[in-house]
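Following: one structure in structure tokens, then a few remarks.
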Amino acid sequence: MRGQLLDALLADQSDYGVLFVESTERAYSRIKQVTPYMVIVFCEIDDAAACQLLSMLKTDAELSGVQVVTCASGWQTPRPSWTLQ
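Quick note on my numbering: the sequence shown kicks off at 542 and runs consecutively.
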């Protein structure tokens, strides 16, 4: 699903390529190899490995120009009872 969404969004953009890394354990080394413009991290809200990856990306001077987008899901506690109006 995630791949299909990105493919649809970037279909008319020949300047972009999409590289998927399924494991957070291998993600950092792949990001270091490629040095992309943007990294999108899909993770569960309580995923310790994803938090470690985000921390490593933030503190790596060589990757300081890489844009990072985090998409987190999976609330372990009930969602807040308030809503935005």
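Where is the CB? At the ideal position from N, CA and C, for every residue including glycine.
Taking a C-beta distance under 9 Å as the contact criterion, Cys-612 and Val-582 qualify as a contact pair. With respect to the C-alpha of Gly-615, the residue from Val-562, Ile-586, Lys-573 having the closest C-alpha is Ile-586. Residue burial annotation: Leu-560 is exposed, with fewer than 16 other C-beta atoms found within 10 angstroms of its C-beta.
Per DSSP, reduced to three states, the secondary structure at Ser-605 is coil, with no helix or strand assignment. Its chain contains Ile-572, Lys-573, Thr-576, Leu-598 as the residues whose beta carbon lies nearer than 8 Å to that of Leu-604, once the 5 sequence neighbours on both sides are disregarded; these appear in chain order.
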